[in-house]
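To keep things clear, I will list the structure first and then write my remarks on it.
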Amino acid sequence: MPTPTGGIQPTRRIEIGGNWKLNPDSPEKAKELALDVFDGTFKLFGKYEMPENLGITLFVPSIFLMTVADALESEFHSAGVKHEFVHGSDHIALGAQNMYFESKGAFTGEMSPDMIVNAMKGYRGQPSVLIGHSERRQYFGETDEGVNRKVHAALRASIRPFVCIGETIEERSSGKMEEILARQLSVGLQDVSAKTFFEQRGVIAYEPVWAIGTGETATPEMAQETHAFIRQEPLTRILGAEIADQTSIQYGGSMKPGNAGALLAMSDIDGGLIGGAALNAESFVGIIGGVRTAAMRPM
Ligand code: PGA
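According to our numbering, numbering within the sequence shown proceeds without interruption in unit steps and concludes at 319.
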């Protein structure tokens with residue numbers, strides 16, 4: 021029987037992430053944005069119709085995680101219909117934008133995996149974390165080795181890792197893109213158990229650095245080609261063909277409602293990690309609407 025959403029096949033999940041970065045500037049605004057996304061998504065799909073294999077994750081500033089978690093949870097409880105809407109699962113999940121790999125100690129200013137888990141204790145679903153975003157690599161000295169320690173720490177704490185990789189424009193134009201992406205993944209996922217990564221529903225986010233926040237997007241064909249490379253080469257080598265095939269690879273870099281449908285229609289693009297356009301509920305929900313196009317892609 022066809023599903024109301026157009027029949028997304030229950031294979032790879034379509035993962036749409038909102039990376040709020042250093043926004044907004046108050047807990048009230050964070051709560052309002054999260055609730056607006058919730059309401060917009062609810063309106064988009066209607067009662068019971070949110071596809072089983074669509075995941076939406078809001079990566080909010082960690083200082084607001086608890087406020088947003090509590091606000092969303094009480095929203096779910098306040099309306100029975102909305103409670104049904106999410107099937108008691110984590111279809112609108114929450115995540116942090118970074119974390120440290122140590123669990124305690126003298127590490128001023130850092131946040132441990134358990135702190136993230138406990139901050140979201142009041143909220144259904146599994147906490148997520150972005151690891152190795154290019155802005156952290158660029159401005160805060162994040163290395164592939166650090167990414168690897170964080171991935172291990174996240175998996176130990178049952179936090180879903182969204183592992184970010186991507187090449188700069190110089191790396192792409194000098195023909196080094198594949199080498200860079202392969203290295204980021206080989207080191208970033210070193211000694212990670214494929215089974216655990218799969219069970220914790222780990223995600224790869226491919227974000228060409230030159231497309232982040234610039235308004236420049238990889239064309240759907242360019243992005244598809246790179247995603248296919250990531251899946252068939254390094255990811256298959258590291259996780260094995262079966263798990264590589266089941267792992268969602270998000271595209272990130274100036275994704276917006278106007279280009280999301282075409283990107284998401286590509287067979288190896290399993291969602292998006294959205295920065296700028298995630299700060300406005302209407303445009304973020306507009307991108308989620310692009311999943312309808314993705315539903316029609318050949319799997
Ligand atoms: P952008 O950011 O959508 O503003 O390009 C994407 C990201 O950095 O995750």
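Built from N, CA and C at the ideal position, the CB exists for glycine as well.
None of the values given here were measured: they were computed from a predicted structure.
Grouping DSSP H, G and I as helix and E and B as strand, with all else coil, what is I308?
I308: helix per DSSP, three-state reduction.
Is G222 near the ligand PGA, going by C-beta to nearest heavy atom under 8 Å?
False, no ligand heavy atom lies under 8 Å from that Cβ.
Between E198 and the rest of its own chain, which residues show a CB-CB distance below 8 Å, the 5 nearest in sequence each way excluded?
These residues qualify, in order along the chain: F249 and E253.
Cα-Cα, which of A173, E155 and M70 is closest to V137?
The shortest C-alpha separation from V137 is found at A173.
Using 8 Å as the threshold, is the segment 174–190 in touch with the segment 144–159, meaning 3 or more CB pairs across them?
The segment 174–190 is in contact with the segment 144–159.
Going by C-alpha distance, which of R169, Q270, V311 and G278 is nearest A225?
The option with the nearest alpha carbon to A225 is Q270.
For the ligand PGA, is there a heavy atom less than 8 Å away from the beta-carbon of A349?
Since the first and last residues shown for the chain are 21 and 319, residue 349 lies out of range.
Helix, strand or coil for E198 per DSSP?
Three-state DSSP puts E198 in a helix.
Give me the residue from I232, M286, A280 and L74 with the minimum Cα distance to F304.
Looking at the Cα atoms, A280 is the closest of the given residues.
Ends of the beta strand (DSSP E) at V57?
Looking at the DSSP string, V57 is not in any beta strand (DSSP E); the run it does join, the alpha helix (DSSP H), is P47 to F65.
Apply the 10 Å Cβ neighbour rule to D288 and answer buried if 16 or more other Cβ atoms are within range, or exposed otherwise.
The residue in question, D288, is buried, as its Cβ has 16 or more Cβ neighbours within 10 Å.
By the three-class DSSP mapping on this structure, what secondary structure does F182 have?
Strand at F182.
For A89 and Y143, which I take to be in contact (beta-carbon distance under 8 Å), what is that distance rounded to the nearest angstrom?
Confirmed, about 4 Å.
Kindly confirm or deny that the segment 160–175 and the segment 210–226 touch, where touching means at least three C-beta pairs closer than 8 Å.
In short, these stretches touch, since the Cβ pair count reaches three.
Can you tell me whether DSSP reads E35 as helix, strand or coil?
Here E35 sits in strand by DSSP.
If contact is defined by three or more beta carbon pairs under 8 Å, each pair taking one atom from either stretch, is the segment 296–303 in contact with the segment 260–268?
The segment 260–268 vs the segment 296–303: no contact.
Below 9 Å between beta carbons: does that hold for M286 and A243?
For M286 and A243, yes; Cβs fall inside 9 Å.
Indicate, with yes or no, if the ligand PGA has a heavy atom lying under 8 Å from the CB of A231.
Yes, the ligand PGA has a heavy atom inside 8 Å of this Cβ.
Along the chain, which unbroken stretches of the beta strand (DSSP E) at least 3 residues long are found entirely within the segment 84–145?
Complete beta strand (DSSP E) runs here, min 3: 112–116.
Measuring only the C-alpha atoms, how far is T234 from P228?
Taking the straight line from one Cα to the other gives about 11 Å.
What residue range does the alpha helix (DSSP H) around T188 cover?
Counting along the chain, T188 falls outside any alpha helix (DSSP H), and DSSP gives it neither H nor E.
Is M131 closer than 9 Å to A113 when the C-beta atoms are compared?
Result no, Cβ atoms of A113 and M131 do not sit closer than 9 Å.
Take the Cβ of R33 as the centre, count every other Cβ of all protein chains shown within 10 Å, and call the residue buried at 16 or more, exposed below.
With 16 or more Cβ atoms within 10 Å of its Cβ, R33 is classed as buried.
So what's T246 in DSSP terms, helix, strand or just coil?
In the structure shown, T246 sits in a helix (DSSP, three-state: H, G or I).
DSSP has F79 in a bridge; who is on the other side?
Answer by DSSP bridge pairing, in chain order: N39 and G115.
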